[in-house]
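Scroll down for the structure; my scribbles are underneath it.
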Amino acid sequence: MRPTPSIKDFTPEEDLLGFFGPDSISWRIHSDPAFSVGGIRALLLQALHPVAMDGVHQFSVAFETEPWARLTRTAEYVATLTFGTRRDALRQVRRVRGLHRGKSAVEETTGRHFNVDDADLLLWVHNCEVDSLLSTARRAGVPLTDAEADRYVEEQVVAAVLVGCEEADVPRTEAALAAYFDGIRAQLAVTPAARTASRFIVVPPMPNWVQLLTPARPAWATLASLGAATLPQWARRLYGLPGFGLTDAAATAALRAFRQTTLAIPSRVRESPIVRAARERVADAEPLVA
């Protein structure tokens, strides 16, 4: 596994712009309201790999004891990698790689001995994320040409390599990403750990006061339903949710309606602090990088 780059490898201007920058497709997709649905879809898809899911089940105690904290950290990692400075992104990458290091186990259903940071497991997680965020964005109505979709997959190679994937194995086009899933589908299954994880994702535990005094439960139910409904048909069949109450056309229509409704909210409210800070930082840096 290649070492994490050092901030010394980049110029101050590159550090300010981050690994992607405001002209990237990654900024466009990751700042869109559809991102939240794509993230849930990615978690449900990732759970279908027995070995990768076993790593989460055995070593991520917080997944069941502090689920919201874990989800928040995951979202913060992706946001920082996308919108943060390179210094901030590398700090997050080192933290994640440190959490993975030295953890190994045997997955019961396959008998495979694995390390949490095995390159093929990291690649699975990466590809599920890229496929989910891209496909959800396109179905939601984010304006993307085929060339821009390929450019997004290409841009995300950086994220894969930073976390520890072998660069030569990472898909660089939408077609290569689809071919990866065609090749791995025979290895996928809904294990008991995946079933538990999927239940948590769709209906997460919430304190009573949160359910009674906030709109968190219905809001999450909307996101989770859309995340499940936008899974590929083969994944829904594995879960035993072939339609999840919606046809593909209806799921797409609901996703587009969700996006349009959310876009009506002012960006200063809708966008996360990390995204807003990135826009301000880049605007301040324009005279330096022009």
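Residue numbers (full-length UniProt numbering): 1 to 290.
The beta-carbon is built from N, C-alpha and C at its ideal position, and this holds for glycine as well.
| Query | Result |
| --- | --- |
| In three-state terms, what does DSSP make of S104? | strand |
| Using only the alpha-carbon positions, how far apart do T261 and E108 sit? | 44 Å |
| Alpha carbons only, please: which of R86, E129, P143 is nearest the one belonging to L43? | E129 |
| Could you spell out the range, first to last residue, of the beta strand (DSSP E) harbouring H49? | Taken as a continuous stretch (DSSP letters only), H49 belongs to no beta strand (DSSP E), as it is neither H nor E. |
| With DSSP collapsed to three states, give me the class of F114. | strand |
| Excluding the five sequence neighbours on either side, which residues of its own chain have a C-beta within less than 7 Å of the C-beta of T85, listed in chain order? | D15, L16, G18 |
| Is E167 helix, strand or coil by DSSP? | helix |
| Taking its Cβ as the centre, do 16 or more other Cβ atoms sit within 10 Å of A290, making it buried, or is it exposed? | Below a pLDDT of 50, predicted positions are generally treated as unreliable, and A290, at 49, falls in that range; the measurement from the model is reported next regardless. With fewer than 16 Cβ atoms within 10 Å of its Cβ, A290 is classed as exposed. |
| Over what stretch of residues does the alpha helix (DSSP H) that includes G183 continue unbroken? | 174-184 |
| How far does the alpha helix (DSSP H) with I265 in it extend, from its first residue to its last? | Unbroken run through I265: none, as it is neither H nor E. |
| Taking just the CA atoms, how far does A219 sit from V269? | 16 Å |
| With distances taken from CA atoms, which of L263, P273, A283, R281 is nearest E76? | P273 |
| Excluding sequence positions up to five away, which residues of its chain have a Cβ less than 8 Å from the Cβ of R97? | T4, D117, V163, G164 |
| Pick helix, strand or coil for P22, following the three-state DSSP scheme. | coil |
| Express the C-alpha separation of Q156 and R91 in angstroms, rounding to a whole number. | 18 Å |
| Rounded to the nearest angstrom, how far is the Cβ of T230 from that of L255, given a contact under 8 Å? | 6 Å |
| In this structure, how does DSSP classify V158 when only helix, strand and coil are distinguished? | helix |
| Just tell me which of V275, D169, A137 has its CA closest to the CA of I40. | A137 |
| Counting along the chain, where does the alpha helix (DSSP H) carrying A235 start and finish? | 233-239 |
| If distances are taken between C-alpha atoms only, which option among V106, V78, L48 comes closest to I184? | L48 |
| Closer than 7 Å by C-beta to S198: which residues in its own chain qualify, once you throw out the five before and the five after it? Chain order, please. | L44, A47, Y239 |
| For the alpha helix (DSSP H) containing S132, name the first residue and the last one. | 119-140 |
| Specify, as a first and last residue, the run of the alpha helix (DSSP H) that A197 falls within. | 192-202 |
| Residues in the same chain with beta-carbon distance under 7 Å from R281, minus the five sequence neighbours each way, listed in chain order, please. | L16 |
| Could you check what DSSP says for E76 in three-state terms: helix, strand or coil? | helix |
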